[in-house]
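Visitor: Here's a structure for you.
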Amino acid sequence: MSATAPAAPRPFEAHVKLVDRIGEPLLRILSALAGLLAVVLLVWIAETMFDQASPAISRFGIGFVGSQVWDPVHNNFGALDFIYGTLVSSFVALLIATPTAIAISIYLTELAPRIVRRPVAILVELLAAIPSVILGLWGIIILGPFLGNHLEPFLHSFLGWIPLFAGTPSPFGMLSAALILTIMALPIVTSITREVFQTTPAELKEGAYALGATRWEMVRTAVLPVARPGIVGAVILGLGRALGEAIAVTQVIGNATQIKASLFAPAGTLAAQIASEYQSANPGLGQASLIYLAAILLVISVIVNVVARLIVRRSKVS
Amino acid sequence: MESSVVNPRPRLLAPAPGARRRKAVNRGMEVLCTIAALLAVAVLLLVVISVLIKGAPAINLDFLTKNPVPFGQTGGGIADSIVGSAILIGLATLMSVPVGILIAIYTTEFARPAVSTVIRFCLDILNGVPTIVVGVFIFGLLVLGGAQSGWAGAVALAAVELPIVARSAQEVLELVPGSLREAALALGLKRWRVVLRIVIPTAAGGLITGAVLGVARVAGETAPLLFTSSIFSNFGLTTNPAQAMPNIPVTIFTLSESPSPQDHAQAWAAALVLILFVLLLSVTARTFHERSRSKLRS
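From first to last, the protein sequence lines stand for chains A and B.
Under numbering that gives the first Met the number 0, the residue at position 146 of the first sequence is numbered 145, and the numbers go up by one with no gaps.
Under numbering that gives the first Met the number 0, the residue at position 135 of the second sequence is numbered 134, and the numbers go up by one with no gaps.
Quick look at the structure:
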């Protein structure tokens with residue numbers, strides 16, 4: 000700040016004011032435009048998506064959502080197989096990830112020795128840093144064969160009477176996809192759940208201990224009830240992540256257009272279908288239908304994320 | 000407590016009924032929670048070690064410095080993908096970081112609280128938009144009717160990176176003490192000077208680590224590039240973003256879908272290069288992140 004030259008203050012001040020007169024509004028306008036972009040981008044994405052999908056929308060209408068055909072040869076398309084696959088694979092993933100994430104959060108906030116808390120928390124979060132294409136490669140070559148040759152035959156022999164575990168074990172299918180999605184959703188759910196657990200009022204915990212509760216009883220009666228809304232938000236956020244994953248899922252799910260009760264059977268999801276047909280879709284109706292899938296995926300994930308954010312925000316405020 | 004009437008010598012500190020069971024349940028739950036944490040760490044190690052073991056044998060100087068060879072021949076490398084990825088990520092970061100920081104400046108320094116809440120919310124939603132949808136969006140915007148290009152790929156990556164950078168920048172700027180701003184304003188500085196000469200330099204460390212985290216995140220993104228920079232007229236090194244550019248994630252993806260074990264070996268090696276880069280960036284950024292934040296807080 001060499002601005003204070005007392006000898007000739009006048010001309011310098013005038014100079015500063017000119018710069019200020021340009022700089023002040025310039026930064027305001029530029030930053031406001033950038034802020035506007037964040038809002039506009041969202042609308043723009045939706046607009047482009049529905050615009051590009053319009054040939055398929057006008058041809059198949061809303062019935063697209065309930066139709067099970069995907070026949071590029073006869074130019075007849077429907078999304079139901081993929082909506083089913085998306086929902087089931089994400090649901091199974093969250094079914095496994097949620098209790099695991101809660102358990103890890105309890106370990107990290109209540110059980111772990113102080114020195115290992117941060118390293119373990121960082122390692123769990125690093126799980127989210129693994130690129131999905133690498134997780135998919137690992138799924139194809141290591142996880143898939145393990146499932147097809149060991150875990151699925153094992154499940155089949157014990158629980159084969161349940162339709163979920165009927166059918167022939169295979170390295171590629173719904174279960175492989177769900178497990179890969181579990182790995183992807185776990186760090187997100189864990190990090191939010193852990194944050195929520197950390198905000199449990201100390202008086203509640205101490206009160207539970209003073210009444211003679213064991214550590215688990217303290218968690219069950221003091222930590223979990225307070226954290227419930229936050230956990231719900233975290234799970235829905237994890238769901239949003241799982242719904243939209245394209246690459247890793249397309250690598251391991253087998254990309255079939257069918258609805259089978261068995262978790263071992265190949266299936267498809269919205270995102271995976273888009274990723275797997277990116278090159279083969281013929282311009283025109285095929286491409287428009289693929290973009291229609293993207294539009295449906297966008298709508299689902301925006302709804303899921305809005306709900307999750309609202310819940311997480313509210314639980315943090317209270 | 001009825002037994003105490005019968006008991007000639009009442010035990011004042013008798014364990015409550017069911018104490019053993021409660022202790023056992025507690026122990027069981029503690030063990031389960033510990034196993035869950037170990038499991039998550041084990042999965043991370045399993046993936047990283049698989050990549051190390053399967054990728055290391057194929058890594059050599061040729062792999063890093065040579066271009067891929069035509070189908071059927073042995074050897075070849077991923078030099079073209081490394082260069083392509085570097086350019087794509089570089090361009091995406093050059094686009095998203097300044098805009099992201101501007102958004103953060105607007106929401107923390109200029110906008111009314113209600114407006115910043117809306118923008119913050121939009122950024123969170125944007126962050127949740129599947130990256131494949133972002134890819135399709137840029138495809139419709141820049142590729143359809145023309146051709147895939149490095150520019151389209153970079154813009155797609157930038158759209159993924161933007162909300163991450165903006166949100167982390169925002170959190171850092173909010174940590175800059177208000178007293179610093181007030182002091183500067185009281186000395187007669189205009190708002191924009193306060194931002195550029197006081198707020199930004201104070202937050203610089205946090206802003207940089209936020210940007211590095213953004214880079215780490217998009218470095219592994221495949222989906223946005225599938226529609227924008229994945230079909231190459233001729234394989235080989237290109238530094239011209241007007242053409243579709245080969246890149247590491249798409250290379251791993253196509254190699255992993257191939258049935259040939261030789262392609263899989265190459266995919267693992269490329270995965271090793273990518274995972275080392277991403278983990279290195281994430282770990283250093285995270286370490287600095289905490290440090291720069293606690294510095295701001297103190």
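Even glycine gets a Cβ: it sits at the ideal position worked out from N, Cα and C.
As the structure is a prediction and not an experimental result, all values here were calculated from the model.
1. At 9 Å on the CB atoms, spell out the chain B contacts of residue 22(A), in chain order.
2. When you compare the CB of residue 186(A) with every CB in chain E, is at least one pair closer than 9 Å?
3. With a threshold of 9 Å between beta carbons, is residue 313(A) in contact with chain B?
4. Go through its chain and collect everything with a Cβ distance to residue 269(B)'s Cβ below 8 Å, but skip five positions before and after it.
5. Taking Cβ positions only, does residue 198(A) come closer than 9 Å to chain B?
6. Of the choices 159(A), 291(A), 132(A) and 196(A), whose alpha-carbon is the least far from that of residue 225(A)?
7. So which residues of chain B does residue 135(A) contact, with C-beta pairs closer than 9 Å?
8. Let's see if you can read the secondary structure: which residues bound the alpha helix (DSSP H) around residue 162(B)?
9. Please confirm whether residue 267(B) has its beta-carbon closer than 9 Å to some beta-carbon of chain A.
10. So does the segment 48-57 of chain A actually touch the segment 123-140 of chain B, counting three or more Cβ pairs closer than 8 Å?
11. Show which residues of chain B have a CB atom less than 8 Å away from the CB atom of residue 356(A).
12. Bridge partners of residue 70(A), per DSSP?
13. Within the same chain, show all residues whose beta-carbon is closer than 8 Å to that of residue 292(B), passing over the 5 residues directly before and after it, in chain order.
14. Contact check, residue 88(A) vs residue 77(A) under 8 Å by CB: the rounded distance?
15. How do the segment 104-116 of chain A and the segment 33-46 of chain B stand: do at least 3 beta-carbon pairs fall below 8 Å, yes or no?
16. Within 10 Å of its beta-carbon, does residue 220(B) have 16 or more other beta-carbons around it, so buried, or fewer, so exposed?
17. Would you report the Cα separation of residue 92(A) and residue 83(A), rounded to the nearest angstrom?
18. Rounding to the nearest angstrom, what Cα-Cα distance links residue 235(A) and residue 53(A) in this structure?
19. Exposed or buried, what is residue 28(A) when buried is set at 16 or more other beta-carbons lying within 10 Å of its beta-carbon?
20. Taking a contact to mean a Cβ-Cβ separation below 9 Å, would you say residue 238(A) touches residue 270(A) in this structure?
21. Consider the Cβ of residue 108(B): report whether some Cβ of chain A lies at a distance smaller than 9 Å.
22. Is there contact here, the segment 138-151 of chain A with the segment 170-181 of chain A, by at least three beta-carbon pairs under 8 Å?
23. For residue 106(B), which option in 277(B), 116(B) and 97(B) has the closest C-alpha, if you only look at C-alpha atoms?
24. Closer than 9 Å, CB to CB, is residue 57(A) near chain B or not?
25. Excluding the 5 residues preceding and the 5 following residue 155(B) in the sequence, name in chain order all residues of the same chain whose CB lies nearer than 7 Å to its CB.
26. From the DSSP output, in three-state form, read off residue 277(A) for me.
27. Count the C-beta pairs between the segment 142-156 of chain B and the segment 176-193 of chain B that are closer than 8 Å, then say yes if the count reaches three, no if not.
28. Starting from the beta carbon of residue 126(A), find every residue of chain B whose beta carbon is closer than 9 Å, and list them in chain order.
29. Classify residue 160(B) as buried or exposed, calling it buried when 16 or more other Cβ atoms lie within 10 Å of its own Cβ.
30. Measuring CB to CB, does residue 290(A) end up less than 9 Å from residue 139(B)?
31. From residue 144(A) to residue 136(A), what distance separates their C-alpha atoms?
32. Out of curiosity, what's the CA-to-CA distance linking residue 142(A) and residue 255(A)?
33. Exposed or buried, residue 96(A), counting other C-beta atoms within 10 Å across all chains shown (16 or more means buried)?
34. At which residues does the alpha helix (DSSP H) containing residue 84(B) begin and terminate?
Guide: A quick look at the data gives this:
1. 189, 191, 192 and 195
2. Absent from the structure: chain E. Protein chains present are A and B.
3. no
4. 54, 77, 80, 247, 250, 251 and 254
5. no
6. 196(A)
7. 221, 251, 252 and 255
8. 149-174
9. yes
10. yes
11. There is no way to answer for residue 356(A), as the model of chain A reaches only from 0 to 317.
12. 75(A)
13. 171, 174 and 205
14. Contact flag wrong, Cβ pair sits at about 19 Å.
15. yes
16. buried
17. 14 Å
18. 30 Å
19. exposed
20. no
21. yes
22. yes
23. 116(B)
24. no
25. 133, 134, 137, 223, 224 and 227
26. coil
27. no
28. 39, 40, 42, 43 and 46
29. buried
30. yes
31. 12 Å
32. 19 Å
33. buried
34. 78-104
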